[in-house]
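Please read the structure below before turning to the comments.
In full-length UniProt numbering, the protein residues as written are 1 to 298.
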């Protein structure tokens with residue numbers, strides 16, 4: 001079989017002794033000392049080996065099996081950074097002007113940072129097993145920022161009229177998110193699975209489960225606040241869920257190993273789904289802001 005790395009870059013002649021940057025096939029990784037890259041045996045080629053930090057940065061403009069994982073999130077990061085800068089200056093009516101937009105901006109900044117950290121991970125981790133672990137922590141930290149940031153507008157506008165409860169839940173989101181972000185850079189977070197689960201679950205509990213339970217107990221299922229709180233979560237589900245399925249199933253490369261090494265792999269589809277889900281989430285936060293503007297506190 002001819003793999004993409006051979007057709008794009010020519011024949012790959014690897015010397016296990018000569019430490020020369022190159023693109024390797026899956027079967028060569030162990031011999032070359034890069035077994036830590038062999039996470040998906042359905043991806044058969046395009047692995048960067050013997051890349052320095054500078055080489056990794058320059059590989060942003062090279063075709064390999066991480067190229068589009070990086071670029072999808074680079075473009076996503078720039079798009080959400082643009083929205084974060086634009087949102088405070090978006091013309092609103094008088095009623096809407098009275099409702100702060102900073103929670104939406106905070107959400108957009110966190111999404112942009114998440115995509116940035118993800119792009120850094122996929123671009124830089126191939127240097128060594130040590131750097132793979134370090135940059136994986138960048139990826140985890142970005143996910144935690146995403147979870148925290150997306151919760152802020154949902155909580156702020158849903159509980160806007162109850163200042164104490166609003167500040168309590170938004171404060172909890174910032175506290176657990178910031179704590180998780182800091183913990184994600186510790187060695188224990190990298191090695192202890194139960195700690196990672198505890199950190200992620202604490203944010204889910206603080207940002208979704210506890211506030212939603214509060215609403216259901218006080219307002220019931222059919223109150224508009226319940227629908228508005230669930231709106232952002234449900235709007236992004238049609239893309240977040242398929243994204244997880246792509247990631248977990250390793251489809252489509254599973255059905256044709258080697259064919260999707262460079263283009264169209266499951267991880268690329270996952271990244272694309274997450275970006276689209278973020279856009280839908282942002283649109284729903286604007287709806288949440290408009291709803292709060294149309295329903296002032298009494």
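Ideal placement from N, C-alpha and C gives every residue a C-beta, glycine not left out.
Keep in mind that this is a model prediction, so the values were computed, not measured.
{"Asked": "Outcome for residue 249 when other beta-carbon atoms lying within 10 angstroms are tallied against a minimum of 16", "Found": "exposed"}
{"Asked": "DSSP-derived helix/strand/coil call for residue 244", "Found": "helix"}
{"Asked": "Extent of the continuous alpha helix (DSSP H) to which residue 292 belongs", "Found": "266-294"}
{"Asked": "For residue 63, three-class secondary structure by DSSP", "Found": "coil"}
{"Asked": "Three-state secondary structure assigned by DSSP to residue 166", "Found": "helix"}
{"Asked": "Cα-Cα separation between residue 199 and residue 145, rounded to whole angstroms", "Found": "12 angstroms"}
{"Asked": "One or two residues paired with residue 49 in a DSSP bridge", "Found": "22"}
{"Asked": "Cα-Cα separation between residue 16 and residue 60, rounded to whole angstroms", "Found": "At residue 16, the pLDDT of 44 sits below 50, so the modelled position is not reliable; the number obtained from the coordinates is stated separately. Each residue's alpha carbon lies about 25 angstroms from the other."}
{"Asked": "Which of helix, strand or coil DSSP assigns to residue 14", "Found": "Low local confidence applies: a pLDDT of 43 at residue 14 is under 50, so the model's placement there is unreliable, with the coordinate-based value given in what follows. In the structure shown, residue 14 sits in coil (DSSP, three-state: anything other than H, G, I, E or B)."}
{"Asked": "Nearest-angstrom beta carbon gap, residue 284 and residue 243 [assumed within contact, 8 angstroms]", "Found": "With 8 angstroms as the limit, residue 243 and residue 284 do not qualify as a contact, their Cβ atoms being about 17 angstroms apart."}
{"Asked": "Three-way DSSP call (helix, strand, coil) for residue 69 in this model", "Found": "helix"}
{"Asked": "Contacting residues, own chain, Cβ-Cβ under 7 angstroms from residue 172 (five flanking each side not counted)", "Found": "206"}
{"Asked": "Touch test, the stretch 102-120 against the stretch 63-75, Cβ-Cβ under 8 angstroms, three pairs minimum", "Found": "yes"}
{"Asked": "Assigned exposure category for residue 27 - 16 Cβ within 10 Å defines buried", "Found": "exposed"}
{"Asked": "Buried versus exposed, by CB contacts within 10 Å (16 or more), residue 58", "Found": "exposed"}
{"Asked": "Rounded Cβ spacing between residue 227 and residue 126 (contact assumed at less than 8 angstroms)", "Found": "Residue 227 to residue 126, Cβ: 45 angstroms. No contact."}
{"Asked": "Among 290, 19, 22 and 281, the one whose alpha carbon lies nearest that of residue 160", "Found": "290"}
{"Asked": "Nearest candidate by alpha-carbon position, reference residue 53, set 270, 128 and 235", "Found": "128"}
{"Asked": "Of the residues 294, 295, 286 and 282, the one placed nearest residue 111, counting alpha carbons only", "Found": "282"}
{"Asked": "Contact under 8 angstroms by Cβ, residue 152 with residue 103", "Found": "yes"}
{"Asked": "Cβ-Cβ distance between residue 56 and residue 147 below 8 angstroms", "Found": "no"}
{"Asked": "Beta-carbon gap between residue 65 and residue 43 smaller than 8 angstroms", "Found": "yes"}
{"Asked": "Integer-rounded CB distance, given that residue 239 should sit under 8 angstroms from residue 286", "Found": "That belief does not hold up - the Cβ atoms of residue 286 and residue 239 are roughly 18 angstroms apart, past 8 angstroms."}
{"Asked": "CB contact flag (residue 264, residue 45, <8 angstroms)", "Found": "no"}
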